[in-house]
Amino acid sequence: MFFLVISVSSLIFILILIMFYNQASIADTKRKRLGSIKKRNKNDLDDEFEKPFFQRVILPIYQSLIKKISSLFPKKGSATNKKTETNLRLAGLQLAVNEYNAIRIIVFGGFFIGAFFITLFTRWNILNELLFVFVCMLLGIIAPVVFLKLKINKRQGAISNELPDIMDILCVTMEAGLGFDSTLIKIGERLSGVLVAELNIVHSEINYGKPRKDALKSLADRNSVEELKTFVGSIIQAEQLGIPINHVLKAQSEELRIKRRQRAEEKAMKAPVKMMIPLVFFVLPVLFIVLLGPTILQLVKQFG
0 MFFLVISVSS
10 LIFILILIMF
20 YNQASIADTK
30 RKRLGSIKKR
40 NKNDLDDEFE
50 KPFFQRVILP
60 IYQSLIKKIS
70 SLFPKKGSAT
80 NKKTETNLRL
90 AGLQLAVNEY
100 NAIRIIVFGG
110 FFIGAFFITL
120 FTRWNILNEL
130 LFVFVCMLLG
140 IIAPVVFLKL
150 KINKRQGAIS
160 NELPDIMDIL
170 CVTMEAGLGF
180 DSTLIKIGER
190 LSGVLVAELN
200 IVHSEINYGK
210 PRKDALKSLA
220 DRNSVEELKT
230 FVGSIIQAEQ
240 LGIPINHVLK
250 AQSEELRIKR
260 RQRAEEKAMK
270 APVKMMIPLV
280 FFVLPVLFIV
290 LLGPTILQLV
300 KQFG
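Per numbering that gives the first Met the number 0, the sequence shown starts with residue 0, numbered consecutively.
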């Protein structure tokens, strides 16, 4: 009797399990999926709120404003747009010409609105307020252009400074038996910088099937640095004539180091001349006031 009860109970349990297995499996799968979605959304929400206010609110508004304004400009390229595109490429900025023009308009509007609100809270006369607004508008026009020029000079200077060290590494690794492409991989793994990023682009272009000569020429045209153009020309000429690249790179590296030292000495010689302007306009007047002020006051009391 006991075994009969156990057998019947087991049979009923198995029948119930068979009948409701599919529904239970589907319900369990739904529950797991909903739980994973809730957890993922919670993590995304937490990561989103951990970002600064500028990245969460200000930056998206600014980017959407740039896209809307840039869509208003014509897409046809003119001579000015081509020149601007070249400057953006030299500066290393991943921006389209219309986006850069939109940024210029936003900066100009920011300067104008800021000047307008400042004049509302001042008690200047109308001429001084107009002059202040005009100066701010002029700064709004000039500031993006000056920023782009400084960015270009900084990037080209970084390339000129990094080139001798990279050429030394090229010489050492190629003397050790590695090829030019393998040397580029080693440089990308061990170093960082503007020129290293450009060499990584060269290596990627070579891997995609572009001839090495054309990839190196694109590197020189993309950056427009005289030392880099000489470096690229030396490598191409050495490959065409069958000359070992090591000897060419060693001689050119020494020459570039001499040029870099000369540029540093030139900047050091210009420093005293540049220091004269703040010295004359800011330091000397204060010094004269401290030294001659009491004497002038005594003279005014005696002879005034």
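Glycine included, C-beta positions come from ideal geometry on N, C-alpha and C. Because the structure is a prediction, the values reported are computed rather than measured.
Within the same chain, SER233, ALA237 come within 7 Å of VAL247 by CB-CB distance, once the 5 residues on both sides are set aside.
Using a Cβ distance threshold of 8 Å, GLY187 and LEU198 count as a contacting pair. For LEU92, the secondary structure class from DSSP, reduced to helix, strand or coil, is coil. Secondary structure at PRO210: coil, using DSSP grouped into helix, strand and coil. The C-beta distance from GLU225 to LEU194 rounds to 14 Å, too long to fall under 8 Å, and the pair is not in contact.
Proximity to ILE151 across VAL279, THR83, LYS258 peaks at THR83, based on C-alpha coordinates. ARG189 sits in a helix when the DSSP states are folded into three classes.
Of the other Cβ atoms in all chains shown, fewer than 16 fall within 10 Å of the Cβ of ARG262; this residue is therefore exposed. Pairing TYR207 with THR229, the inter-Cα distance amounts to about 25 Å.
ARG122 sits in coil when the DSSP states are folded into three classes, being neither helix nor strand.
Annotation: ARG88 to ARG154 spans about 11 Å, alpha carbon to alpha carbon. Our two residues, THR121 and GLY109, have alpha carbons roughly 19 Å apart in a direct line. Bounds of the alpha helix (DSSP H) holding SER233 are 225 to 240.
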